[in-house]
Amino acid sequence: MQRETASQMINSMNRRQAMAIGGGIVLSSLITKPSLAQQANGEKDLIFHTTDPARNAEPALDKLVQSWITPNKHFYVRSHAPNPQIDPAAFKLKIEGLVRNPIEISLAELKQRFDQKTTTATLTCAGNRRNEHSKVKKVGGVPWMAGAIGNATWGGSALSDILKKAGVLENGKHVWFEGLDEIEKGGGIIPFGGSIPIEKAMADLESGSPGALLTTMMNGEALTPDHGAPLRMVVPGYVGARSVKWLGKIVVSDRPSPNHYLATAYKVVTKTDPIDWTESGPIYRFPINGAICTPAAKAAVSAGPVELTGYVLPSGSPGNSMKAVDLSIDSGRTWTRATMVGESKPFCWQLWKATVNVKADTKHISLRGTDNAGDFMPGRVKWNAKGYLKNSWYKLPIKVS
Ligand SMILES: Nc1nc2c(c(=O)[nH]1)N[C@H]1C(S)=C(S)[C@@H](COP(=O)(O)O)O[C@H]1N2
Ligand SMILES: [Mo]
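As numbered in our numbering, residues 1 to 401 make up the sequence shown, in order.
Put into structure tokens, the structure is as follows:
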């Protein structure tokens with residue numbers, strides 16, 4: 001607090017005044033000490049697809065499945081613009097729209113006034129495994145391998161608690177989230193945003209069926225700028241895009257958000273030149289998916305037993321879990337059942353291991369999965385223009401010697 005005040009004081013002085021009291025070197029150290037630019041962003045052990053203007057990175061697959069909880073350094077980052085600079089001391093979240101009592105609340109008040117809860121949930125990008133789509137026909141966007149996924153314990157306030165306090169009006173049907181980032185789009189600047197239906201927003205976090213969490217903590221540590229500090233949404237069961245980072249505003253409305261990232265982008269559309277975004281609706285829940293994470297693609301193995309590990313994610317329906325995970329060395333003619341490893345929790349991935357007997361002529365190992373909501377990873381999925389929701393059998397190429 002003290003330092004924050006000092007920096008505000010210095011920032012409000014003009015340069016000459018500040019030079020007069022402290023000299024250039026002292027001035028710059030006074031300004032940069034508590035500088036928001038210097039906010040710790042956490043060490044990352046990721047493969048970066050881009051760093052400028054936005055950071056987009058995923059872990060190597062062998063690192064990804066070392067533990068059920070993904071350590072922050074191995075948690076993928078997907079951002080559309082540079083991390084915005086937000087002063088946590090001055091920050092206020094706004095809750096407005098179709099509510100009886102609009103709220104403007106600081107981070108400290110948010111923590112004091114609302115129960116602090118934790119929930120473990122998997123976050124995954126709708127574009128996870130996009131590079132496989134590109135092998136059929138090139139698609140734009142970050143060329144994700146299968147690492148745009150992670151499982152973390154998130155801490156913060158239940159969205160439902162805050163909305164109850166605000167008093168949602170009868171005609172409030174959708175909850176919009178707006179980020180504080182600045183994305184260059186079509187010659188202008190827009191924030192990242194989206195919305196979720198009111199039923200999802202109000203789902204009780206205690207019932208094992210978490211609705212949505214206004215998150216300040218990730219795996220017991222304060223959120224870092226990469227993951228949306230100081231405040232982000234986490235919407236368990238929904239594609240990552242609905243978990244808006246750097247959350248600045250919540251609006252209750254009678255309709256879905258008009259923000260580009262809900263109203264237009266993040267849809268499975270098949271026409272190109274031009275893309276017809278009206279072809280389908282926004283993606284909310286994530287579908288079942290999975291990947292073989294070890295051995296690495298194109299690894300040289302000997303004929304005989306080969307140990308495999310990986311993850312599967314049941315589709316994002318409440319209470320859902322994996323029913324079966326299978327592997328095939330003959331493109332699906334015969335299957336070997338995998339063993340589930342680690343915890344099974346709603347809205348969380350399931351790690352697995354299996355041993356398959358590869359033959360001298362085995363070229364691929366295929367993975368499929370089925371969940372208790374009746375969803376399964378299909379043999380094929382139709383190519384789509386943005387490369388979203390690639391969830392067909394995961395095919396690992398191997399070299400048998
Ligand atoms: N404000 C904002 N929120 C955002 C994004 C963004 O670019 N800006 N990216 C979204 C997408 S597409 C995903 S997959 C997740 C990624 O969260 P992570 O970077 O913490 O892994 O954040 C979502 N929230
Ligand atoms: Mo995403």
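Beta carbons: idealized from backbone N, C-alpha and C, even for Gly.
Predicted model, so just to flag it, every value in this text is computed and none were measured.
Residue span of the beta strand (DSSP E) that contains residue i, given as start and end
i, result
"residue 121", "117-124"
"residue 104", "103-106"
"residue 195", "193-197"
"residue 239", "That residue, residue 239, is in no beta strand (DSSP E); it is neither H nor E in DSSP."
"residue 252", "247-253"
"residue 291", "289-294"
"residue 343", "That residue, residue 343, is in no beta strand (DSSP E); it is neither H nor E in DSSP."
"residue 215", "213-218"
"residue 49", "47-50"
Near ligand 2: residue i beta-carbon under 7 Å from a heavy atom
i, result
"residue 155", "no"
Range of the contiguous alpha helix (DSSP H) that encloses residue i
i, result
"residue 60", "Careful: residue 60 lies outside any alpha helix (DSSP H) and carries neither H nor E."
"residue 159", "159-166"
"residue 174", "Element bounds for residue 174: not the alpha helix (DSSP H) but the beta strand (DSSP E), 174-179."
"residue 232", "Per DSSP, residue 232 belongs to no alpha helix (DSSP H); it is in the beta strand (DSSP E), 232-234."
"residue 227", "Neither: residue 227 is in no alpha helix (DSSP H) and is coded neither H nor E."
"residue 132", "130-136"
"residue 262", "260-263"
Residues that residue i bridges to, as DSSP identifies them
i, result
"residue 151", "122"
"residue 91", "According to DSSP, residue 91 bridges with nothing at all."
"residue 364", "397"
"residue 350", "312"
"residue 371", "322"
"residue 449", "Given a span of 1 to 401 for the chain in the structure shown, any question on residue 449 remains unanswerable."
"residue 332", "Paired residues: none, contrary to the question."
"residue 190", "183"
"residue 299", "398"
"residue 270", "Its beta-bridge partners do not exist; DSSP assigns none."
"residue 376", "370"
"residue 339", "353"
"residue 221", "218"
"residue 96", "251"
"residue 78", "56"
"residue 387", "Beta-bridge pairing links residue 387 to no other residue."
"residue 285", "238"
Below-8 Å beta-carbon distance, residue i vs any chain B residue
i, result
"residue 149", "Absent here is chain B; the protein component of the structure consists of one chain."
Distance cut-off 7 Å: residue i Cβ against heavy atoms of ligand 1
i, result
"residue 228", "yes"
"residue 76", "yes"
"residue 313", "no"
"residue 80", "yes"
"residue 237", "no"
"residue 244", "yes"
"residue 347", "no"
"residue 179", "yes"
"residue 423", "The question about residue 423 has no answer, for the chain in this structure spans 1 to 401."
"residue 123", "yes"
"residue 91", "no"
"residue 48", "no"
"residue 192", "yes"
Ligand 4: which residues have Cβ under 5 Å from any of its heavy atoms, chain order? The model on display carries ligand 1 and ligand 2 but not ligand 4.
**Study point:** At least three beta-carbon pairs within less than 8 Å, the stretch 315-334 to the stretch 342-349
**Key:** yes
Say whether the stretch 184-191 touches the stretch 152-168, bearing in mind that this needs 3 or more beta-carbon pairs closer than 8 Å, one atom from each stretch. no
Report yes or no: do the stretch 369-387 and the stretch 248-262 share at least 3 C-beta pairs separated by less than 8 Å?
no
Would you call the stretch 196-203 in contact with the stretch 138-146, where contact means no fewer than 3 C-beta pairs closer than 8 Å? no
Would you call the stretch 115-123 and the stretch 49-61 in contact, with 3 or more CB pairs under 8 Å?
no
With a threshold of 8 Å, are at least 3 pairs of Cβ atoms found where one atom belongs to the stretch 305-316 and the other to the stretch 55-75?
yes
**Asked** Do three or more CB pairs link the stretch 351-366 to the stretch 299-306 at distances below 8 Å?
**Response** yes
**Message:** I want to know whether the stretch 271-287 touches the stretch 153-164 - three or more CB-CB distances under 8 Å.
**Reply:** no
### Query
Using 8 Å as the Cβ pair cut-off and three pairs as the minimum, do the stretch 289-299 and the stretch 205-221 touch?
no
Is it a yes or a no for the stretch 240-252 touching the stretch 84-96, going by three-plus beta-carbon pairs under 8 Å? yes
Requested in this report: Pair every Cβ in the stretch 276-289 with every Cβ in the stretch 325-337, then say whether three or more of these pairs are closer than 8 Å.
Outcome: no
query = Any chance the stretch 189-199 sits against the stretch 238-245, with 3 or more Cβ pairs inside 8 Å?
reply = yes
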